[in-house]
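> Numbering (this note's numbering), first residue to last: 4 to 290.
After the structure tokens below, expect a handful of questions from me.
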Amino acid sequence: MNAESASTGTPRNPRITLRTLRKWAREGEKFAMLTCYDATTARWLWRGGVRVFLVGDTAAEVILGHDSTLPAEMPFMLQITAAVRRGAPDALVMADMPFGSYQVSEDEAVRNAMAFLTEGLADLVKLEVDATFASLVERLSHAGVPVVAHIGSRPQTVRAEGGYRAAGRSERDAAVLVDTAKLMVQCGAAALLVEAVPGEVGKRIVDAAVHPETGAAVPVIGCGAGPTCHGHVVVLQDVMGLSDWHPPFVVPTGEVGQAVEAAAGKWVEMVRSGEYLKDGGPYQMKA
Ligand code: KIV
């Protein structure tokens, strides 16, 4: 049954929640997730069938033009997360905790994570983790903040690593990733996001991601982590054909960049030629 919007009384779609995600994972129903950074795009993506959104710190790159995700700041991320929620009120919205918002102290991390649920109107928060973040993930989960543990390639460590690279390519690294996945699940992580690992490692993580008491599948979202993951996420601009470069695991499904270029060209031509508003425009002086 549809819920009704409190303000307008119009029928609403059933809201997508963490329970929906768990059900999809349990029943093997793959979900397609995209990053999103504004209300208008969220509205169109929802119309296209996207039900799960990540308001990623990749906003620093694709929206603000930086060369890494590091400069994304809390106020900006909060604002765009709430914008995506307004554009897709019934979607599952995952907020990305930006660099510096959860590494300084656990108290600050908890406060910032909660702000994403209150001010940012998000359903879950995502943080890039290794085993050293176990106690934070546990504390957030106990505090009622659903956490997505992002493992594998972690773009926020780009300066420390000296660049980007795929993860889990040696047997040892793969074993560490699987152990981290298990640890995060034990600490209460609501879902895992695995970036840039071989498909075989993605599968091992999916197999390992089961709730310690119930044995239920914990949703695993792949970002270039092979076909076995319950859902898959990529950066919106990459899949829509708006990026000049995209990672090798992205398969673009649109040519939006070219459509924007063509529409911009038509607008420029219309203005330059004097065609635009040549009949005087829509407004007349009052008599
Ligand atoms: O910030 C982001 O967009 C991400 C995805 C690439 C997984 O973390």
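Where is the CB? At the ideal position from N, CA and C, for every residue including glycine.
Please read all numbers here as calculations on a predicted model, not as lab measurements.
Can you give, in chain order, each stretch of the alpha helix (DSSP H) that sits fully within the stretch 171 to 197 and has at least 4 residues?
Runs of the alpha helix (DSSP H) lying entirely within the stretch 171 to 197, each at least 4 residues long, are 174 to 189 in chain order.
> Going along the chain, which residues of its own chain have a beta-carbon closer than 6 Å to the beta-carbon of A290, five neighbours each way excluded?
If we look at A290 and ignore the five residues flanking it on each side, it has no Cβ neighbours.
> In angstroms with no decimal places, state the Cα-to-Cα distance between M273 and Y279.
5 Å
> By the 10 Å Cβ neighbour count, where 16 or more other Cβ atoms means buried, how is A134 classified, buried or exposed?
exposed
> Which whole-angstrom value is the C-beta distance of A98 and T84, which I expect to be below 8 Å?
5 Å
> Based on the DSSP output, what are the partners of H235 in its beta bridges?
A35 and G225
> Which residue spans inside the stretch 41 to 119 form an unbroken alpha helix (DSSP H) run of at least 4?
42 to 50, 62 to 65 and 77 to 90
> At the level of alpha carbons, what is the spacing between N5 and A94?
Confidence is the limiting factor: at N5 the pLDDT is only 49, short of 50, which leaves the residue's position unreliable, though a coordinate-based value still follows. The straight-line gap from Cα to Cα measures roughly 14 Å.
> Give me the DSSP bridge partner(s) of K129.
D99 and V151
> Give the DSSP-derived three-state secondary structure of A220 in the structure shown.
strand
> Given a threshold of 16 other Cβ atoms within 10 Å of its Cβ, counted over all protein chains shown, does V107 qualify as buried or as exposed?
exposed
> Considering Cα atoms alone, identify which of W49, A112, V200 and F119 is closest to V179.
Comparing Cα-Cα distances from V179 to each of W49, A112, V200 and F119, the minimum goes to V200.
> Roughly how far, in whole angstroms, is the beta-carbon of A193 from the beta-carbon of L21, given that I think they are within contact range, below 8 Å?
Contact flag correct, Cβ pair sits at about 6 Å.
> Just confirm the distance between the C-beta atoms of G227 and G244, as a whole number of angstroms; I'd bet it's less than 8 Å.
18 Å between Cβ atoms; not a contact.
> Applying the 10 Å Cβ sphere with the 16-neighbour rule, what's the burial state of V254?
Exposed, because fewer than 16 other Cβ atoms sit within 10 Å of the Cβ of V254.
> Would G225 and H235 be called neighbours here (beta carbons separated by less than 8 Å)?
Result yes, Cβ atoms of G225 and H235 sit closer than 8 Å.
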